[in-house]
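Residue numbers for the sequence shown, in this note's numbering: 6 to 459. Below is one structure, written out as structure tokens; the observations come after it.
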Amino acid sequence: MHAAPSPSAHRGVSPLLTRALRLCFSLTLLVIASPVPALGQSSNPDSIVVIERGEPGVNGWDVLEFPFQVLTAPLYLVWLGGEWAAAAASDTRVPQKIAFYNRQLNRLGIYPAFASLGAGSGTGAAVRLGPPSSEGKLWGHLAAGATVKLYWQLTARVGYGVEAAEPGRGMALGFQASGSLQHRDRDEYWGIGPDSDEDDRSNYALDRTIVTGELMLGMVRYVALRAHIDWSEAESGAGNNPRLPSVDSIFPAAEILRFGDSDRYLSFGASAEWRNGYSQAFVPGGSWVRLAARWNDGRGAGLADFSELMASAGLHLRFDHDRRCLSFVGALQTTRQQGDGEIPFYRLPALGGTSTLPAYPTARFRDRDTALAKIEYLYRIWLAPTNESALIASFFVVGGQVAHDISDELSLSRIRENYGVALSAYAGPTTGARLELAGGDEGLRVNFVFLVGS
6 MHAAPSPSAH
16 RGVSPLLTRA
26 LRLCFSLTLL
36 VIASPVPALG
46 QSSNPDSIVV
56 IERGEPGVNG
66 WDVLEFPFQV
76 LTAPLYLVWL
86 GGEWAAAAAS
96 DTRVPQKIAF
106 YNRQLNRLGI
116 YPAFASLGAG
126 SGTGAAVRLG
136 PPSSEGKLWG
146 HLAAGATVKL
156 YWQLTARVGY
166 GVEAAEPGRG
176 MALGFQASGS
186 LQHRDRDEYW
196 GIGPDSDEDD
206 RSNYALDRTI
216 VTGELMLGMV
226 RYVALRAHID
236 WSEAESGAGN
246 NPRLPSVDSI
256 FPAAEILRFG
266 DSDRYLSFGA
276 SAEWRNGYSQ
286 AFVPGGSWVR
296 LAARWNDGRG
306 AGLADFSELM
316 ASAGLHLRFD
326 HDRRCLSFVG
336 ALQTTRQQGD
346 GEIPFYRLPA
356 LGGTSTLPAY
366 PTARFRDRDT
376 ALAKIEYLYR
386 IWLAPTNESA
396 LIASFFVVGG
406 QVAHDISDEL
416 SLSRIRENYG
426 VALSAYAGPT
436 TGARLELAGG
446 DEGLRVNFVF
456 LVGS
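Below you can see the structure in the form of structure tokens.
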């Protein structure tokens with residue numbers, strides 16, 4: 006039970022909140038009532054200071070986008086503040102020194118960065134040693150990173166040609182071999198199945214060693230093919246989060262598949278991806294289909310062999326000069342066990358987190374099969390004159406379900422639904438951040454994630 010805040014606490018916060026709301030409301034009215042665009046800006050239809058006036062009864066988009074349009078005035082002030090801070094910083098020697106030393110490190114083949122180490126790991130510092138991969142050349146990397154959760158990872162990778170084959174990048178061939186050590190000691194677990202209890206929140210630790218070989222072939226315009234073989238060894242145990250109990254203190258042993266054991270697998274897999282159309286001006290576009298299969302051969306007593314089949318597809322419909330987009334995405338994954346034994350719980354498909362069900366924590370629901378569907382409407386609020394940065398707002402609806410056998414148990418009444426809004430800010434074609442407010446049957450959740458990739 007959460008203690009109710011005292012009346013005195015409300016008296017201390019309300020005046021400040023009231024002033025902030027009045028300020029935002031006043032600024033919004035100022036922009037709406039102004040006969041010309043604010044601050045002398047030209048009437049650019051993509052300008053953040055322009056609020057499109059329309060008849061809501063005539064144009065349904067005006068009704069849908071009205072909350073975004075109201076936000077443009079305070080967002081413009083925030084943007085001006087950011088530009089002023091950036092200009093002030095550029096006049097100092099600190100950013101110049103940072104950029105200078107970074108270039109010097111890059112020339113030596115040292116690339117520092119901020120990064121995450123997988124879903125739910127948090128953000129941390131990472132460094133990569135070795136030049137970037139190059140078409141038709143040998144390359145090698147040594148990378149290490151640690152996050153705010155004290156997760157860490159060490160990876161060595163060597164290869165030839167492209168490091169990641171993608172459709173639309175032209176004919177490309179690549180091969181790589183890698184070895185990785187991973188440590189995660191605060192991952193969370195709620196049990197198996199769609200009816201797991203949100204109050205049974207526990208944590209566990211996981212240490213993994215993975216050795217992988219991968220062959221990639223990118224075809225002109227449309228298709229990319231990949232094949233891989235990997236050997237992995239993992240061991241789970243009690244977690245180190247002092248705020249949460251360990252898995253084994255809440256769940257009976259029968260409800261924790263392969264907890265506390267050392268598991269070894271030899272896996273073979275392949276995937277094919279078809280893609281037509283690409284993002285323009287930070288709004289996704291085109292369509293894509295991805296199919297993948299993997300066979301996992303257990304190398305230990307009590308381990309089950311199992312296969313995995315994965316299929317996903319997406320359709321992004323851009324319109325209004327790429328300012329608006331309707332996005333549809335669907336995905337299915339099924340796991341089929343062969344013979345006796347158990348599939349470790351951390352190798353089961355899972356839903357939850359910003360990439361699947363944003364109103365729930367990462368890997369909130371686990372089972373052998375998953376189904377997911379997402380519809381999102383994106384609206385580009387602002388685009389920089391140089392087309393190098395943008396603000397994009399969106400509404401989204403997501404539904405997903407886990408099941409022991411999705412072909413028998415898929416039901417609309419058992420689908421976990423999420424609704425939400427998001428604001429994405431891009432500082433370049435491949436860098437940005439996304440703030441989400443998502444709601445589901447377990448309440449509201451706020452997510453902040455870094456965006457990498459176009």
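All C-beta atoms, glycine included, are put in the ideal place defined by N, C-alpha and C.
Grouping DSSP H, G and I as helix and E and B as strand, with all else coil, what is residue i?
{"i": "Glu422", "result": "strand"}
{"i": "Ile397", "result": "strand"}
{"i": "Arg226", "result": "coil"}
{"i": "Leu26", "result": "Only weak support exists for where Leu26 lies, its pLDDT of 45 falling under 50; the value from the coordinates is given anyway. Looking at Leu26 - three-state DSSP - the assignment turns out to be helix."}
{"i": "Asp204", "result": "coil"}
{"i": "Leu220", "result": "strand"}
{"i": "Ile215", "result": "strand"}
{"i": "Ala259", "result": "helix"}
{"i": "Tyr365", "result": "coil"}
{"i": "Arg371", "result": "strand"}
{"i": "Arg112", "result": "helix"}
{"i": "Arg98", "result": "helix"}
{"i": "Ser237", "result": "strand"}
{"i": "Phe453", "result": "strand"}
{"i": "Ser360", "result": "coil"}
{"i": "Leu249", "result": "coil"}
{"i": "Val63", "result": "Only weak support exists for where Val63 lies, its pLDDT of 38 falling under 50; the coordinates are left without a value."}
{"i": "Gly448", "result": "strand"}
Can you name the start and end residues of the beta strand (DSSP E) that residue i belongs to?
{"i": "Asp268", "result": "Ser267 to Asn281"}
{"i": "Glu441", "result": "Thr436 to Gly445"}
{"i": "Tyr351", "result": "No beta strand (DSSP E) contains Tyr351, which DSSP labels as neither H nor E."}
{"i": "Leu383", "result": "Asp374 to Leu388"}
Is the beta carbon of residue i less than 8 Å from the beta carbon of residue j?
{"i": "Leu159", "j": "Ser201", "result": "no"}
{"i": "Tyr270", "j": "Ser317", "result": "no"}
{"i": "Tyr431", "j": "Ala395", "result": "yes"}
{"i": "Ala288", "j": "Arg385", "result": "It is worth fixing the name first, because residue 288 is Val in this sequence and not Ala. Yes; because the gap between Cβ atoms is below 8 Å, this pair is in contact."}
{"i": "Thr339", "j": "Ile261", "result": "no"}
{"i": "Gly405", "j": "Leu428", "result": "no"}
{"i": "Tyr156", "j": "Val132", "result": "no"}
{"i": "Pro363", "j": "Ala438", "result": "no"}
{"i": "Ser292", "j": "Gly319", "result": "yes"}
{"i": "Tyr165", "j": "Val252", "result": "no"}
{"i": "Gly179", "j": "Glu168", "result": "yes"}
{"i": "Pro257", "j": "Phe370", "result": "no"}
{"i": "Ser332", "j": "Glu393", "result": "no"}
{"i": "Arg341", "j": "Cys330", "result": "no"}
{"i": "Tyr365", "j": "Gly307", "result": "no"}
{"i": "Arg162", "j": "Ser139", "result": "no"}
{"i": "Ala298", "j": "Ala229", "result": "no"}
{"i": "Arg304", "j": "Asn246", "result": "no"}
Please report the Cβ distance between residue i and residue j, rounded to the nearest whole angstrom; I am assuming they are in contact, meaning their Cβ atoms lie under 8 Å.
{"i": "Pro354", "j": "Arg263", "result": "At roughly 16 Å, the Cβ-Cβ gap does not stay under 8 Å, so Pro354 and Arg263 are not in contact."}
{"i": "Gly265", "j": "Gly242", "result": "6 Å"}
{"i": "Phe401", "j": "Gly425", "result": "6 Å"}
{"i": "Ser207", "j": "Leu249", "result": "6 Å"}
{"i": "Asn452", "j": "Thr359", "result": "5 Å"}
{"i": "Tyr351", "j": "Arg280", "result": "Going by Cβ atoms, the distance from Tyr351 to Arg280 rounds to 30 Å, so no, they are not a contact pair."}
{"i": "Asp205", "j": "Gly218", "result": "Not a contact, Cβ separation roughly 39 Å."}
{"i": "Gly290", "j": "His321", "result": "5 Å"}
{"i": "Leu147", "j": "Gly135", "result": "6 Å"}
{"i": "Arg295", "j": "Glu313", "result": "Wrong, their Cβ atoms sit about 13 Å apart, outside the cutoff."}
{"i": "Met221", "j": "Arg231", "result": "5 Å"}
Tell me the residue span of the alpha helix (DSSP H) that contains residue i.
{"i": "Glu414", "result": "Ile411 to Glu414"}
Please confirm whether residue i has its beta-carbon closer than 8 Å to some beta-carbon of chain D.
{"i": "Gly335", "result": "Chain labels in this structure do not include chain D; a single protein chain is all it has."}
Scan the region 115-173 and note each continuous beta strand (DSSP E) run of 3 residues or more that stays entirely inside, going in chain order.
115-121, 128-134, 143-152 and 157-166
3-residue-minimum beta strand (DSSP E) runs that sit fully inside the region 281-341, ordered along the chain:
291-303 and 310-324
Could you pull out every unbroken alpha helix (DSSP H) segment of at least 4 residues lying fully inside the region 177-201, listed in chain order?
none
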